[in-house]
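**Q** Quick note, the sequence shown lines up with residues 1099 to 1345 if you use our numbering.
Every residue, glycine too, gets a C-beta built ideally from N, C-alpha and C.
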Amino acid sequence: MENASLVGLSRQVVLRRELDVIANNVANMNTTGFKAEQMVFSEFMMPNARDGTFPTQDQKLSFVQQRGTWHSFAPGDVEATGGAMDFAIDGEGFFVVETEAGERYTRSGAFGVNASGQLVTANGERLLSTAGPIQLAPNETGLTIGRDGTIATSEGVRGRLRLVSFADPRAVHKIGANLYATTEDPKDAPATTAVVQGAVEKSNVKPIVEMSRLIEVNRAYTSISGILDAQNDIRRSAIEKLAEVPA
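(1) For P1305, name the three-state secondary structure that DSSP assigns.
(2) Taking the alpha-carbon positions, what's the V1119 to W1168 distance?
(3) What span of residues does the beta strand (DSSP E) with F1185 cover, start to end?
(4) I'd like the list of long-range same chain contacts for T1197, defined as Cβ closer than 8 angstroms, with 5 residues on each side in sequence excluded.
(5) Does the beta-carbon of M1137 have 16 or more other beta-carbons within 10 angstroms, so that it is buried, or is it exposed?
(6) For the stretch 1328 to 1342 against the stretch 1210 to 1226, are there 3 or more C-beta pairs whose distance is under 8 angstroms?
(7) Within 8 angstroms, do at least three Cβ pairs link the stretch 1111 to 1127 to the stretch 1260 to 1275?
(8) Output the boundary residues of the beta strand (DSSP E) element that contains Q1295.
(9) For the pair the stretch 1209 to 1219 and the stretch 1308 to 1322, tell me if three or more CB-CB distances fall below 8 angstroms.
(10) What number of angstroms, rounded off, separates the C-alpha of V1255 from the C-alpha of N1122?
(11) In the structure shown, what three-state DSSP assignment does T1320 receive?
(12) Does the distance from the C-beta atom of T1130 to that of S1323 stay below 9 angstroms?
(13) Confirm, please, whether the CB-CB distance from L1261 to F1192 is below 9 angstroms.
(14) For M1309, I'd like the list of residues in its chain whose CB is within less than 8 angstroms of its CB, leaving aside the five on either flank, ordered along the chain.
(15) Measure the alpha-carbon distance for L1340 versus E1135 and round it to whole angstroms.
(16) At what residue ranges does the stretch 1194 to 1253 contain a whole run of the beta strand (DSSP E), taking only runs of 3 or more?
(17) For E1177, report the span of its beta strand (DSSP E) as first-last.
(18) Just to confirm the assignment, what range does the beta strand (DSSP E) spanning S1263 have?
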């Protein structure tokens, strides 16, 4: 395959992946606590050209490659719900939940109570306080969460929500179900971080921005397709003319 086609295809591959990322952002624009994802690209320099179409054989080829994705942890709007089990984080930090794979982190504050009286996520992961899972007795009522995360019920103070942050947010990666994991040790969230009961943090996806990106990427993909088609036409025409040359 010619160099021009290889370079064009490398660009199409990452554009296709970027379309998937944008589509996922748009699909989750109404998901509580969802954080928008963006692609990261870099240039890959191939040491030498694959054919003799370049002036010298030490001419390098420039390809585009995907380096991964990153999440924007910019805060989403806080929306009042009135639900006693809905908590929003105002500021930096994450809730800590317990999963079968260990501790995970989330900004989604729509919680409930399981059959054992524990506060859990929609998928059943247990919300953690500084002392462990939050256990409520059947006779307890009037759950309140203070801005500092203090948990209180009709039976008195029951603990404090565990809120954490990370020195390098780039080390935090999504694992699905609005949960995040990292190999970095968490630290306590800043003192300025507060919990708002009766509210949730909405997605930070900006629909207009994502739709603009979608149009831009589609146009770029179509443009490269046109270039590759033109390259194929030139190659086909050259082959046909070569076949017409008398032996």
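**A** In brief:
(1) helix
(2) 11 angstroms
(3) 1185 to 1188
(4) E1223, L1277
(5) buried
(6) no
(7) no
(8) 1292 to 1295
(9) no
(10) 41 angstroms
(11) helix
(12) A distance of 9 angstroms or more separates the beta carbons of T1130 and S1323.
(13) yes
(14) V1124
(15) 50 angstroms
(16) 1200 to 1204, 1224 to 1227, 1248 to 1251
(17) Bounds of the beta strand (DSSP E) holding E1177 are 1176 to 1178.
(18) 1261 to 1263
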